[in-house]
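K.L.:
Each residue of the sequence shown is one higher than the one before, starting from 18 at the first, in the working numbering.
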Amino acid sequence: MLHIKELHASIDSKEILRGVNLDLKPGEVHAIMGPNGSGKSTLASVLIGRDGYDVSGSVTYEGQDLLALSPEERAAAGVFLAFQHPVEIPGVGNMYFMRTALNSLRRQRGQEELDAVDFLALAQERMKLVEMDQTFMSRSVNEGFSGGEKKRNEILQMAILEPKLAILDETDSGLDIDALRVVASGVNALRSEGRTMLVITHHQRLLDYIVPDFVHVMAAGQIVHSGDKDLALELEANGYAGLTPRSAQVG
Ligand code: ADP
Ligand code: MG
Ligand code: MG
């Protein structure tokens, strides 16, 4: 599904990703943990094709060269990112925004667009997953939403767009325990055989709810450790201290 090989990325000649290697198979949930500033969000941004980065290395997604695709083409191919800091878009209705996003994907895939009535039915069904009520659909995108409501809205968007590769960047940050449960159960409901998830988090707590198949630790722009869900528990107990980037290891 996704093969990342020796991925490097810099911005203004500052190297942030320093050779990331990762293999994700269909249906798997991978967690990426790691200290602040280690490059987790940068990895997510590079995968969805945000511009401004100097990128080298290779990323193969379903047999295609992902790095050669535009952000729109990546989205149409099923790559989705739930942002760490969802943006507010005053004046743009949430319903309109999500329908436009979905129809843009459908157009690029040669599928028929959904009209307002069909979209509303879809949205209402998916809103149950994140326990959101319909008033959020008539408000401007994220405007005045609480931190937790913004994150739910990201998961709602994911539920509507049905990506094949879903990247969640610190979707748990700023959530109280109830919101965390809602978000996690929404994510769990969307786990499926054909869908791969990359869950970026600082906290082991999220992984009690979204149990990953693999856990990776990122430090200084590299994946320095990989393991199963128990690695997250070890990190919780021992912290990131003592983890050394591969390039700095002796021998
Ligand atoms: P994480 O998500 O793991 O906290 P980030 O990927 O956000 O880390 O950032 C990694 C490093 O890259 C940090 O030192 C950050 O300051 C730097 N960085 C990220 N984006 C930019 C940017 N647009 N310009 C300059 N430096 C950046
Ligand atoms: Mg951070
Ligand atoms: Mg980040």
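Cβ atoms here follow ideal geometry from the backbone N, Cα and C, with glycine treated the same way. Since the structure is predicted, the reported quantities are computational estimates derived from the model, not experimental observations.
Indicate whether Val234 and Leu250 have their beta-carbon atoms separated by less than 8 Å.
P.N.:
For Val234 and Leu250, no; Cβs fall outside 8 Å.
K.L.:
Does the beta-carbon of Gly161 have 16 or more other beta-carbons within 10 angstroms, so that it is buried, or is it exposed?
P.N.:
Under this definition Gly161 is an exposed residue.
K.L.:
Measure the beta-carbon distance from Leu19 to Leu41 and round it to whole angstroms, keeping in mind my assumption that it falls under 8 Å.
P.N.:
With a Cβ gap of about 4 Å, Leu19 and Leu41 count as contacting.
K.L.:
Could you name the residues of the same chain whose beta carbon sits closer than 6 Å to that of Ser191, not counting the 5 residues immediately before and after it, in chain order?
P.N.:
The amino acid at residue 191 is misidentified as Ser; the sequence shows Gly. Cβ neighbours of Gly191 beyond the five flanking positions: Gly164.
K.L.:
Answer yes or no: does any C-beta atom of chain B fall closer than 8 Å to that of Ile33?
P.N.:
Checking the listed chains, one finds no chain B in this structure; it contains a single protein chain.
K.L.:
Applying the criterion that 16 or more other CB atoms from any shown protein chain within 10 Å of the CB defines a buried residue, is Asn170 buried or exposed?
P.N.:
Classification of Asn170: buried, given that the 10 Å Cβ count is 16 or more.
K.L.:
Apply the 10 Å Cβ neighbour rule to Glu187 and answer buried if 16 or more other Cβ atoms are within range, or exposed otherwise.
P.N.:
Answer is buried; the Cβ neighbour count reaches 16.
K.L.:
Return yes when the C-beta of Ile28 is under 7 Å from any heavy atom of ligand 1, and no when it is not.
P.N.:
True, at least one ligand heavy atom lies under 7 Å from that Cβ.
K.L.:
Going by the beta-carbon positions, is the gap between Arg126 and Ala93 smaller than 8 Å?
P.N.:
A contact, by the Cβ cut-off of 8 Å.
K.L.:
Can you tell me the Cα-Cα spacing of Ala237 and Tyr257, whole angstroms?
P.N.:
If I take the Cα positions, the gap works out to 12 Å.
K.L.:
Please state the DSSP three-state secondary structure of Tyr78.
P.N.:
Strand, per DSSP.
K.L.:
Is the Cβ-Cβ distance between Gly95 and Leu182 less than 8 Å?
P.N.:
Cβ distance < 8 Å, so Gly95 and Leu182 count as in contact.
K.L.:
I'd like to confirm the pairing. Which residues does DSSP put opposite Leu39 in its beta bridges?
P.N.:
Leu39 is bridged to Ile21.
K.L.:
Is the beta carbon of Gly36 sitting closer than 8 Å to the one on Gln239?
P.N.:
Yes, the Cβ-Cβ distance between Gly36 and Gln239 is below 8 Å.
K.L.:
Is Glu187 near ligand 3, in the sense that its beta carbon is under 7 Å from a heavy atom of that ligand?
P.N.:
Yes - ligand 3 has a heavy atom lying nearer than 7 Å to the Cβ of Glu187.
K.L.:
Which residue's Cα is closest to the Cα of Leu248: Gly110, Ser209, Val204, Ile49?
P.N.:
Residue Ile49 is the option with its Cα nearest to Leu248.
K.L.:
Below 8 Å on the Cβ atoms is my guess for Asn111 versus Phe153; work out the distance and round it to an integer in Å.
P.N.:
Confirmed, about 6 Å.
K.L.:
Contact defined as beta carbons within less than 8 Å: I believe Leu98 pairs with Ile184. What is the distance between those atoms, to the nearest angstrom?
P.N.:
Leu98 to Ile184, Cβ: 5 Å. Contact.
K.L.:
Short of 7 Å in beta carbon distance, which residues of its chain neighbour Ile21, apart from the five on each side in sequence? Order them along the chain.
P.N.:
Excluding residues within five positions, the ones whose Cβ falls inside 7 Å are Val37, Asn38, Leu39, Val76.
K.L.:
Given this structure, state the Cα-to-Cα distance separating Glu23 from Asp135, to the nearest angstrom.
P.N.:
Cα to Cα, the separation comes out at about 44 Å.
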